[in-house]
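Undergrad:
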Amino acid sequence: IFLNNEYSSTIGEGGSFGELALIYGTPRAATVRAKTEVKLWGIDRDSYRRILMGSTIRRRKVYQEFLCRVPILACETYPQSSLYETFFFNIMKY
């Protein structure tokens, strides 16, 4: 990866780049050049967003199922559970 024509880092096998450009519809901030022959896959913005949304929905369901097992938080409605999702996610980050 090159930023402002200067080497920045390397992406290994299975790595990805350009996610923020896909999410926000903006040009990538860096240039990616292959040092060797590679297999490169591309994805359009709409497909990426659908995959991202599906992942978010599945994660929310996992969080909600977990929270339903905690007596003090037991099976709240969606608006309340979305607050719990934020709480749970922040705990898991640390």
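The sequence shown finishes on residue 98 if you use our numbering, and the numbering steps up by one all the way, no holes.
Even glycine gets a Cβ: it sits at the ideal position worked out from N, Cα and C.
None of these values were measured; they are calculated from a predicted model.
Can you tell me which residues form a DSSP beta bridge with residue 118?
TA: Past the edges of the chain, shown from 5 to 98, lies residue 118, and the structure says nothing about it.
Undergrad: With burial defined as no fewer than 16 other Cβ atoms inside 10 Å of the residue's Cβ, what is the status of residue 67: buried or exposed?
TA: Taking the first residue of the sequence shown as 1, we reach residue 67 at position 63. Buried, because 16 or more other Cβ atoms sit within 10 Å of the Cβ of residue 67.
Undergrad: List the residues that DSSP assigns as beta-bridge partners of residue 35.
TA: On the sequence shown, position 31 is the one that residue 35 refers to. According to DSSP, residue 35 bridges with 6.
Undergrad: Under the rule that 16 or more other beta-carbon atoms within 10 Å means buried, what is residue 8, buried or exposed?
TA: Stepping through the sequence shown from its first residue, residue 8 is reached at position 4. Exposed is the call here.
Undergrad: Identify which residue in 54, 65, 16, 69 has its Cα closest to the Cα of residue 38.
TA: The sequence position of residue 38 within the sequence shown is 34, counting from 1. Of 54, 65, 16, 69, the residue nearest in Cα terms is 16.
Undergrad: When you compare each of 22, 43, 27, 44 to residue 35 by their alpha carbons, which one comes out closest?
TA: Along the sequence shown, one-based indexing puts residue 35 at 31. Cα-wise, what sits closest to residue 35 is 22.
Undergrad: Answer with yes or no whether the minimum CB distance from residue 17 to chain D is below 9 Å.
TA: Within the model displayed, chain D is absent; a lone protein chain is all it includes.
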